[in-house]
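Engineer: Dropping a structure here in structure tokens format, bear with me for questions.
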Amino acid sequence: MFDSILRRRIDPPVERLAARFVAWGVGANTVTVAGLGIGLLGAVAIASGAVLLGLFLLLASRLCDGLDGAIAKKTQPTDLGGYLDIVFDFVFYGAIPLAFAVLDPASNAVPAAVLLLTFYANGASFLAYAILAEKRRITTDVRGRKAFFFTTGLAEASETIIAFCLFCLFPAWFPVIAYGFAAMTAWTFAARVWLAVRTFG
Numbered sequence: 129m130f131d132s133i134l135r136r137r138i139d140p141p142v143e144r145l146a147a148r149f150v151a152w153g154v155g156a157n158t159v160t161v162a163g164l165g166i167g168l169l170g171a172v173a174i175a176s177g178a179v180l181l182g183l184f185l186l187l188a189s190r191l192c193d194g195l196d197g198a199i200a201k202k203t204q205p206t207d208l209g210g211y212l213d214i215v216f217d218f219v220f221y222g223a224i225p226l227a228f229a230v231l232d233p234a235s236n237a238v239p240a241a242v243l244l245l246t247f248y249a250n251g252a253s254f255l256a257y258a259i260l261a262e263k264r265r266i267t268t269d270v271r272g273r274k275a276f277f278f279t280t281g282l283a284e285a286s287e288t289i290i291a292f293c294l295f296c297l298f299p300a301w302f303p304v305i306a307y308g309f310a311a312m313t314a315w316t317f318a319a320r321v322w323l324a325v326r327t328f329g
């Protein structure tokens, strides 16, 4: 929902930083892998109780997630790069709710499981739509040039990061925030299925 708005503000500084990384000879895939590693360290920090450190690391991970694409555009985008980017995103998105479940299983395990279910369903609807869009040569640049067809929704990357930040800033409220964001994600899943019915049916 907020991705297209935030891109206009975030892209210019990220593009400038990407130009420096290209000058230093740092490749996009290297940044993608580093982003996943930093994000998983953030999850470990959260699970260990160092929630604010986890917040810093997850934000650094998401900076890498934006940076790798900008680097790829300035060099040579590859299918492998697009594959690693989306797969590692899903690993990261699953790791943070899991970390909060480990941090406080009694309070957080069920809300985290519900959120992960909606992530799973939403991710499947996203990737399946992208495959059929490619098959039918349907294209869009609403999220910039991407390796996959990006369908919009109520819960996108920006909203996910906002929810994760709220988890870290207000860990005692994790169940409430998780259920609320799970509802947004489920709505996005349902809307995407309806879009598929209208597009492919």
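Using our numbering, read the sequence shown as starting at 129 and increasing by one per residue.
Beta carbons are placed, not taken as given, at the ideal position from N, Cα and C, and that holds for glycine.
Predicted, not measured: the structure shown is a model, and the values here were computed from it.
Does the beta-carbon distance from alanine 188 to glutamate 143 come in below 8 Å?
Structural biologist: Translated into the one-based positions of the sequence shown, residue 188 becomes position 60. Translated into the one-based positions of the sequence shown, residue 143 becomes position 15. Result no, Cβ atoms of alanine 188 and glutamate 143 do not sit closer than 8 Å.
Engineer: What residue from Val242, Glu262 and Val150 has the CA that sits closest to glycine 308's CA?
Structural biologist: The sequence position of residue 308 within the sequence shown is 180, counting from 1. Looking at the Cα atoms, Val242 is the closest of the given residues.
Engineer: For a minimum of 4 consecutive residues, which ranges assigned as the alpha helix (DSSP H) are wholly contained in the stretch 146-224?
Structural biologist: 156-175 and 179-202
Engineer: Whole angstroms are fine: how far does the CA of glycine 177 sit from the CA of threonine 327?
Structural biologist: The sequence position of residue 327 within the sequence shown is 199, counting from 1. The sequence position of residue 177 within the sequence shown is 49, counting from 1. If I take the Cα positions, the gap works out to 46 Å.
Engineer: Compute the Euclidean distance between the alpha carbons of proline 141 and arginine 148, then round it to the nearest angstrom.
Structural biologist: Against the sequence shown, residue 141 aligns to sequence position 13. Against the sequence shown, residue 148 aligns to sequence position 20. Each residue's Cα considered, the two are about 11 Å apart.
Engineer: Tell whether a beta-carbon distance below 8 Å holds between leucine 195 and asparagine 157.
Structural biologist: Walking along the sequence shown from the start, residue 195 turns up at place 67. Walking along the sequence shown from the start, residue 157 turns up at place 29. It is not a contact, given that the beta carbons lie outside the stated cut-off.
Engineer: If the criterion is Cβ atoms closer than 8 Å, does the pair threonine 203 and valine 238 meet it?
Structural biologist: Within the sequence shown, the letter at position 75 stands for residue 203. Within the sequence shown, the letter at position 110 stands for residue 238. Against a cut-off of 8 Å, the Cβ pair of valine 238 and threonine 203 comes out as no contact.
Engineer: Is it right to say arginine 257 is buried, meaning 16 or more other beta carbons lie within 10 angstroms of its own, or is it exposed?
Structural biologist: Position 129 of the sequence shown, counted from the first residue, corresponds to residue 257. Per the sequence shown, the amino acid found at residue 257 is tyrosine instead of arginine. Label assigned to tyrosine 257: buried.
Engineer: Please go through the same chain and pick out, in chain order, the residues whose beta-carbon is closer than 7 Å to the beta-carbon of leucine 168, but skip the five residues on each side of it.
Structural biologist: Residue mapping note: residue 168 aligns to position 40 of the sequence shown, counting from 1. Correct list, in chain order: Ala223.
Engineer: Quick one: what's got a C-beta closer than 7 Å to tryptophan 301's C-beta in the same chain, skipping five residues either side?
Structural biologist: The count along the sequence shown starts at 1 and reaches residue 301 at position 173. Nothing listed; no residue qualifies.
Engineer: Three-state secondary structure (DSSP) at glycine 308?
Structural biologist: Here residue 308 refers to the residue found at position 180 of the sequence shown. If DSSP states are grouped into helix, strand and coil, glycine 308 belongs with the helices.
Engineer: Who are the Cβ neighbours of asparagine 334 in its own chain at under 6 Å, not counting the five residues just before and after it?
Structural biologist: In the structure as shown, the chain begins at 129 and stops at 329. Residue 334 is therefore absent and cannot be evaluated.
Engineer: Would serine 253 and valine 325 qualify as a contact pair, given that the criterion is a beta-carbon distance under 8 Å?
Structural biologist: Against the sequence shown, residue 253 aligns to sequence position 125. Against the sequence shown, residue 325 aligns to sequence position 197. Taking 8 Å as the Cβ cut-off, serine 253 and valine 325 do not qualify as a contacting pair.
Engineer: Buried or exposed for tyrosine 221, please, with buried defined as at least 16 other CB atoms from any protein chain shown within 10 angstroms of its CB.
Structural biologist: Your numbering for residue 221 matches position 93 in the sequence shown. Flag for tyrosine 221 reads buried.
Engineer: Within the same chain, show all residues whose beta-carbon is closer than 7 Å to that of aspartate 193, passing over the 5 residues directly before and after it, in chain order.
Structural biologist: Translated into positions along the sequence shown, residue 193 becomes position 65. Apart from sequence neighbours up to five positions away, the residues of its chain that approach aspartate 193 with a beta-carbon distance below 7 Å are Gly163 and Asp217, ordered along the chain.
Engineer: Where does alanine 283 sit, in a helix, a strand or coil, going by DSSP?
Structural biologist: For the purposes of this step, residue 283 is taken as residue 155 along the sequence shown, with counting starting at 1. If DSSP states are grouped into helix, strand and coil, alanine 283 belongs with coil.
Engineer: Between the alpha carbons of isoleucine 174 and isoleucine 289, how many angstroms are there, rounded?
Structural biologist: On the sequence shown, position 46 is the one that residue 174 refers to. On the sequence shown, position 161 is the one that residue 289 refers to. Approximately 15 Å, taken between the alpha carbons.
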